[in-house]
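Below is one structure, written out as structure tokens; the observations come after it.
Residue numbers (this note's numbering): 1 to 168.
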């Protein structure tokens with residue numbers, strides 16, 4: 001059982017680092033979504049959800065005599081910052097950002113399913129509802145992105161066709 005607990009704590013730390021990375025990516029992208037108000041509003045909502053998720057994961061870690069990994073959080077933020085900065089130079093940043101966000105949401109969904117399964121094996125009944133809530137929020141965001149991919153793409157294409165630069 002000790003090995004399972006070690007995996008569980010490592011995966012909780014990974015999830016916390018993942019949420020910190022998501023925050024950095026989304027905040028970087030938000031500043032460039034002024035022409036996509038629906039997407040911008042949903043991303044702002046998800047930033048608030050993600051902030052709560054990171055805090056909840058931190059609390060779970062602290063309650064299990066563990067803490068978030070400073071190294072993983074720092075590396076995750078650096079990676080996300082690089083991705084956000086890379087978007088500054090892409091004419092189709094909003095489309096690629098939506099695609100990357102959709103992919104990232106599915107990675108998060110998988111991670112929370114693993115955590116819920118492991119928490120059940122360890123009978124960590126206080127963590128399961130927290131993890132299930134986070135999973136539901138990640139699934140809702142992935143579904144929203146899927147449902148709005150067409151709209152986001154069409155807005156981008158219309159602006160591009162009209163010769164409106166991506167930065168205006």
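No residue lacks a Cβ here, since even glycine has one placed at the ideal position from N, Cα and C.
Quick caveat, the model's predicted, so the values are computed rather than measured.
Query, Result
"Backbone secondary structure at residue 91 - three-state DSSP", "coil"
"Span separating the alpha-carbon of residue 127 from that of residue 14", "15 Å"
"Residue 101 burial status per 10 Å Cβ neighbour count (16 or more: buried)", "buried"
"Simplified DSSP state of residue 34, which is helix, strand or coil", "coil"
"Rounded straight-line distance, which links the Cα of residue 18 to that of residue 136", "16 Å"
"Environment of residue 63 [buried if 16+ CB atoms lie within 10 Å]", "exposed"
"Per-residue burial, residue 151 [other beta carbons within 10 Å of its own, 16 or more giving buried]", "exposed"
"Distance, residue 20 Cα to residue 54 Cα", "7 Å"
"Reference residue 16, options 52, 43, 2 and 34, closest by Cα", "52"
"Residue 93 versus 33, 11, 6 and 10, residue with shortest Cα-Cα distance", "33"
"For residue 39, the three-state DSSP class (helix, strand or coil)", "helix"
"Residue 123 (DSSP reduced to helix, strand or coil)", "coil"
"Candidates 26, 58, 57 and 60, of which the one nearest residue 44 by Cα", "26"
"Beta carbon of residue 116 nearer than 8 Å to that of residue 132", "yes"
"Inter-residue CB distance, residue 57 and residue 9 (contact presumed, cutoff 8 Å)", "Not really, about 11 Å apart at Cβ, beyond 8 Å."
"Cβ-Cβ distance between residue 60 and residue 130 below 8 Å", "yes"
"Beta-carbon proximity check, residue 141 vs residue 98, cutoff 8 Å", "no"
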